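Heads up: the protein sequence lines correspond to chains A and B, in order. Counting in the working numbering, the first sequence runs from 1 upward without gaps. Counting in the working numbering, the second sequence runs from 1 upward without gaps. Here the structure comes first, spelled out in structure tokens, and everything after it is commentary.
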Amino acid sequence: MPVRKLALIFLLTFLSLILVLPPSIPVRIELLGIKTDKILVRSPLALKVGGLAFYRDLEIKLGLDLAGGSHLVFEADVSKIPQEDLTSALEGTRRAIERRVNIFGVSESTVQTSRIGQSHRVIVELPGVKDTRSAVELIGKTAQLDFRELVNSKEATAAGALLTLENTNSTGFTGADFKRARPGFDSTAGEPIVQFETKDEARQKFSEITNRLVGKPLAIFLDETPISAPIVNTPITGGVGQINGNFNTSETKVLASLLNSGALPIPVTLIEQRTVEASLGAESVKASIVAGVVGLLMVILFMTLYYGKLGFLASVALLIYGVFSLALYKLIPIVLTLPGVAGFILSVGMAVDSNILVFERMKEELRAGKRWQDAMEAGFGRAWDSIRDANIATLVTVFVLFNPLNLEFLHTSGPVRGFALTLGIGIALSLFTGIFVTRTLLRIFGRRKE
Amino acid sequence: MKVSWMKLRPLYLLISGLALSLSLYSVFSWGFRYAIDFTGGVTVDYRFSSNQKPGSVETMLKAKDMEMPKMITVVAERTLQFKYGSEFDQDKAEALTTAMAGTLGEKPEVVRFESVGPALSQEILHKTYIAVAIASFGILLWVAWQFKSIKFGIFAILAMIHDSVVLLGTFAALGHYMGIEIDILFVTAMLTILSFSVHDTIVVYDRVRESMRNHPGVSLYDLANRAVSETLVRSVNNSLTIIFMLFALFIMGGVTVKWFVFALLIGTISGTYSSPFVAVPLLVTWEQIRNKFRRHN
């Protein structure tokens, strides 16, 4: 039933259009004396089926090369980490970096670990960050833990004084001097505490500081935020101390892990940095969109001039293809990068190719004296072999490049995968629009009077 | 339309032979100009409020005794790219803007800063080689299986190699004469062209196979002529639609994609040419050699 299929295509296109259009569209129409002044608003997609929640904000996600931002790759020096602690140490490093990145308040920043051969890496993506230098500094620092003392010693005795960076000075004892902390229990006082150790070489330093600060608070700042300010009761000379302060067990756990995260479990060094100013990214996106539209119009013009009504219908199918692609990019969602755009362009080319193959076959059948309707059906039937063989060959390439099995000797991240993803989606969609949509359109609108 | 395409094989051999030898000459005598993606290093793009000449900026830097870049190139309007070694960092890049502001009377803005460590750089290239090798083998198997003959697969891959060599040669020459670098986007373009080339070849081969089925007595030579005639319009039209898109992008699509799009353009043209005029003639020639060999036995 071609009519039913047409209705399905129409419905799908309509739904996709809703997804593709911007979230709010002002509508101002004055028609026959009736004024409409409304703003059509599309809310984000939020579905809940059973326990599964599905949420999409329906924005096109642009990669850093298009939207601007920073892509940072850190190499982790795992040479001093025992093999059995490696996984947890890497995960700890990732979390610590993530927490540091969050200080910048960047939305949608990502922190991932990746392993290439013997090299372990942490990849940080910061969309739209202007001040990459301080981000790099903050992430790469091995110690963000800072032990500070109050500047004004009069305030020092006042309990509960608000501690800030302004009213405190660093004691010079930092995360680099700190070894580890763990939650413990003080059996004499009968309360949970946090035990900590300093590094051996910093023992002397810590002893001097605590000597000086007896009866005063020693404020512990993590990434410039105070996390604890214990009062020094006795000088700590042996490099091992404890913090008590009416904690419960879970509080000591949190404090210990905060203290530990101050020092990255594994030291990292920056090995790659790509920072694109947002304005530059926006420029190339704008230029590429204009160019894409012009190119598309040329394709439509060419198809219509060369193949007449058939070409026009194929162009309609091509536009539907474009709408479907964008809708899918928003639904999946796909982060669109420059190589991704290349994959899309190639798939557009292959979608048009399916149509041209069919039309050329149709012409042959018509030349052989077949009726138009028969020629059309035969054209689709015969062209199918070529379309299938050619597209599967491309899918083989897509499969290897996308590397869904995460094989280590192939690309596991990065631009090549982005390319493969949009190309793969494009081919799958083009088989659908090139065959199903175009054929249905031709069956209904292409009919010629015999 | 009855054209004896296969009669013109010496011409195709001449064209492809010329293109291939020029390409190989370019690749081997000049090599490539690798972007920092592959060599490691730092590039900084400065945007000025007016057009600045690389030469005068260089003289200014020298006069002020500032850290000299390895190269300064114009990458876009009002934008110059400085290339440094890996030790250059973002602080230095910012410091340069202030220094330049003193002499040039305007403070440029850092619009792009890229730094790639040397260890990282070769890895992408290495993985791409492996990926291409595996993909080629996969395609070869698929084509051989689908066409029930290994030779279709092998010649499709040979045509694909033809297109890759032409593309590589073009960029070696562009690097030599215009300083165009090959970067990770070029690798993507290369992969795109590999897919396109095979895609296009299969369509033509498909016609040969179909004619073989429908006309069992006819020689491959005649079948090939027929298949090329039948698919030529389709090939040209299809490539034209892709070329329209690419051409628009090349002219208007912004700096970041310009040479990437150019690589795709070259590849599309070569890929379209190679299907009827490299892949099919190879098939026919192979068949003739084999027949001669058989007759002698």
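Idealized CB from N, CA, C, for every residue including glycine. From a predicted model like this one, the values you see are computed outputs, not experimental measurements.
Selection of the stretch 410 to 432 of chain A by Cβ proximity to chain B, strictly under 9 Å: 410, 411, 412, 414, 415, 416, 418, 419, 420 and 423
Reference residue 185 (chain B); option with closest CA among A:338, A:356, A:369 and A:386: Position 185 of the second sequence, counting from 1, holds the residue named residue 185 (chain B). In terms of CA proximity to residue 185 (chain B), A:338 leads the group A:338, A:356, A:369 and A:386.
Residue 143 (chain A), DSSP secondary structure in three states: To locate residue 143 (chain A), count along the first sequence from 1; it is residue 143. Because residue 143 (chain A) sits at a pLDDT of 47, beneath the cut-off of 50, its placement in the model cannot be relied upon, and the following sentence gives the value as read from the coordinates. Residue 143 (chain A) falls in the strand class under three-state DSSP.
Contact set between residue 299 (chain A) and chain B, taken where Cβ atoms lie within less than 7 Å: Along the first sequence, one-based indexing puts residue 299 (chain A) at 299. Within 7 Å Cβ-Cβ: 241, 244 and 245.
Cβ of residue 1 (chain A) within 8 Å of any chain B Cβ: For the purposes of this step, residue 1 (chain A) is identified with residue 1 of the first sequence, where counting begins at 1. Not one chain B Cβ lies under 8 Å of residue 1 (chain A).
Cβ neighbour criterion (16 or more within 10 Å) applied to residue 250 (chain B): Within the second sequence, the letter at position 250 stands for residue 250 (chain B). Burial call: buried.
For residue 46 (chain A), the three-state DSSP class (helix, strand or coil): As a first step, residue 46 (chain A) is located in the first sequence; it is residue number 46 there, counting from the start. The answer is strand: DSSP assigns residue 46 (chain A) an E or B state.
Proximity below 8 Å, CB of residue 84 (chain B) to CB of residue 111 (chain B): Within the second sequence, numbered from 1, the residue matching residue 84 (chain B) stands at position 84. Within the second sequence, numbered from 1, the residue matching residue 111 (chain B) stands at position 111. Cβ distance not < 8 Å, so residue 84 (chain B) and residue 111 (chain B) don't count as in contact.
is_contact[residue 259 (chain B), chain A] using C-beta, thresh 8 Å: Here residue 259 (chain B) is taken as the residue at index 259 of the second sequence, counted from 1. No, because no Cβ of chain A sits closer than 8 Å to the Cβ of residue 259 (chain B).
Helix, strand or coil at residue 178 (chain A) according to DSSP, with G and I counted as helix: Within the first sequence, the letter at position 178 stands for residue 178 (chain A). Note: residue 178 (chain A) maps to strand in three-state DSSP.
Given 8 Å, three or more beta-carbon pairs between the stretch 236 to 256 of chain B and the stretch 298 to 318 of chain A: yes
Min CB distance residue 134 (chain A) to chain B below 8 Å: Against the first sequence, residue 134 (chain A) aligns to sequence position 134. Contact with chain B is absent for residue 134 (chain A), since none of that chain's Cβ atoms lies less than 8 Å from the residue's Cβ.
Beta carbon of residue 386 (chain A) nearer than 8 Å to that of residue 89 (chain B): What you label residue 386 (chain A) is simply residue 386 of the first sequence in a count that begins at 1. What you label residue 89 (chain B) is simply residue 89 of the second sequence in a count that begins at 1. No, these two residues do not count as a Cβ contact at 8 Å.
Neighbourhood of residue 22 (chain B) by C-beta distance below 7 Å, restricted to the same chain and skipping five residues each side: Locating residue 22 (chain B) in the second sequence gives position 22, where the first residue counts as 1. Within the same chain, residue 22 (chain B) has close Cβ partners 169.
Which listed residue (B:103, B:211 and B:220) has its alpha carbon closest to that of residue 289 (chain B): Taking the first residue of the second sequence as 1, we reach residue 289 (chain B) at position 289. When each option's Cα is compared against that of residue 289 (chain B), the closest is B:220.
Classification of residue 125 (chain A) by the beta-carbon crowding that lies within 10 angstroms, buried from 16 upward: Taking the first residue of the first sequence as 1, we reach residue 125 (chain A) at position 125. Buried: at least 16 other Cβ atoms inside 10 Å.
Sequence-distant residues of its chain with Cβ nearer than 6 Å to residue 160 (chain B) (five each side left out): By one-based count along the second sequence, residue 160 (chain B) stands at place 160. Same-chain partners within the cutoff: 194, 197 and 198.
Nearest neighbour of residue 227 (chain B), chosen from B:135, B:107 and B:279 [CA to CA]: Numbered from 1 along the second sequence, position 227 holds the residue referred to as residue 227 (chain B). Among B:135, B:107 and B:279, the Cα nearest to that of residue 227 (chain B) belongs to B:279.
DSSP bridge partner residues for residue 197 (chain A) (one or two, in chain order): Stepping through the first sequence from its first residue, residue 197 (chain A) is reached at position 197. Paired residues: A:180 and A:240.
Residue from A:426, A:377, A:442 and A:221 with nearest C-alpha to residue 394 (chain A): By 1-based counting over the first sequence, the position of residue 394 (chain A) is 394. Considering only alpha carbons, the answer is A:426.
Chain B contacts from the stretch 367 to 381 of chain A (Cβ-Cβ distance under 9 Å): none
Between the CA atoms of residue 414 (chain A) and residue 181 (chain B) - distance to the nearest angstrom: Taking the second sequence and counting its residues from 1, one reaches residue 181 (chain B) at position 181. Taking the first sequence and counting its residues from 1, one reaches residue 414 (chain A) at position 414. Those two C-alpha atoms are separated by around 20 Å.
8 Å contact criterion, which residue 76 (chain A) and residue 266 (chain A) should meet: CB distance rounded: Along the first sequence, one-based indexing puts residue 76 (chain A) at 76. Along the first sequence, one-based indexing puts residue 266 (chain A) at 266. The pair is a contact, with the Cβ atoms about 5 Å apart (cut-off 8 Å).
Enclosing beta strand (DSSP E) for residue 331 (chain B) [first to last residue]: Lying before the first or after the last residue shown, residue 331 (chain B) is absent from chain B, which here runs from 1 to 297.
Residue 262 (chain B), buried or exposed, once every other Cβ within 10 Å from all chains shown has been counted against 16: As a working note, residue 262 (chain B) is residue 262 in the second sequence. Answer is buried; the Cβ neighbour count reaches 16.
Under 8 Å from the C-beta of residue 111 (chain A): neighbouring residues of chain B: Position 111 of the first sequence holds residue 111 (chain A). None at all; the shortest Cβ gap to chain B is about 18 Å.
Among A:296, A:333 and A:313, the one whose alpha carbon lies nearest that of residue 322 (chain A): One-based indexing of the first sequence puts residue 322 (chain A) at position 322. Of the candidates A:296, A:333 and A:313, the one whose C-alpha sits nearest the C-alpha of residue 322 (chain A) is A:296.
Per-residue DSSP class, three states only, for residue 156 (chain A): Counted from its first residue, the first sequence places residue 156 (chain A) at position 156. Low confidence applies to residue 156 (chain A): its pLDDT is 48, below 50, so where it sits in the model is not reliable, and the reading given next is rough at best. Three-state DSSP puts residue 156 (chain A) in a helix.
Stretch pair the stretch 174 to 182 of chain A + the stretch 195 to 209 of chain A: three plus CB contacts closer than 8 Å: yes
Cβ-heavy atom distance, residue 220 (chain A) to the ligand FAD, below 7 Å: In the structure shown, the ligand FAD is absent, as is every other ligand, since no ligand is present at all.
Within 8 Å of chain C by C-beta, residues of the stretch 181 to 195 of chain B in sequence order: Absent from the structure: chain C. Protein chains present are A and B.
Residue 248 (chain B), DSSP secondary structure in three states: Numbered from 1 along the second sequence, position 248 holds the residue referred to as residue 248 (chain B). If DSSP states are grouped into helix, strand and coil, residue 248 (chain B) belongs with the helices.
Contacting positions in the stretch 87 to 117 of chain B - beta carbon closer than 8 Å to chain A: 90, 91, 94, 109, 110, 111, 112, 113, 114, 115, 116 and 117
Residue 250 (chain A) - DSSP class collapsed to helix/strand/coil: Walking along the first sequence from the start, residue 250 (chain A) turns up at place 250. Reduced to three states, the DSSP call for residue 250 (chain A) is helix.
Cα-Cα separation between residue 21 (chain A) and residue 61 (chain A), rounded to whole angstroms: Locating residue 21 (chain A) in the first sequence gives position 21, where the first residue counts as 1. Locating residue 61 (chain A) in the first sequence gives position 61, where the first residue counts as 1. So the two alpha carbons sit approximately 14 Å from each other.
Beta-carbon neighbours of residue 146 (chain B), restricted to chain A and to distances below 7 Å: As a first step, residue 146 (chain B) must be located in the second sequence, where it is residue number 146. Simply 389.
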